[in-house]
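Numbering (the numbering used here), first residue to last: 768 to 885.
C-beta atoms are modelled at their ideal positions from N, C-alpha and C, and glycine is treated no differently.
These numbers were taken from a predicted model, which means no experiment stands behind them.
A short worksheet on the structure shown next.
This is the structure in structure tokens:
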């Protein structure tokens, strides 16, 4: 599903690709600091301090923290994309430029309409 979404974005016409690119950049700029903040709680919960080298901790704890943080980042990026695309492409839906099904496909699946493709 993720590869299909990347292909769909890569094959967009220039103006739609630019819109999608900037929306993704803005979403990432907003969401990644939030994910970083949430990951700091994970490190506090596992009692990992930032001034101590990771090799001094048990490897299982370090790997567990990193996996949890990767999951947090992925979930935050997805939620951020859903919210930002709902706002941006919701405006296009209200103007009649896209249908409800196309809005749902863009927002939740990352699949853009065929008419926007090259």
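Per DSSP, residue 790 is one residue of the alpha helix (DSSP H) stretching across 781-812. One thing to note: residue 860 has its Cβ no nearer than 8 Å to the Cβ of residue 832. For the segment 829-872, not one full-length beta strand (DSSP E) segment reaches 3 residues or more.
For the pair residue 855 and residue 779, the CB atoms are not nearer than the 8 Å cut-off.
Close CB contacts of residue 851 within its chain, under the 8 Å cut and outside five residues either way in sequence, are with 790, 793, 794, 797 (chain order). A distance below 8 Å separates the beta carbons of residue 876 and residue 772. About 5 Å separates the Cβ atoms of residue 775 and residue 879, confirming a contact at the 8 Å cut-off.
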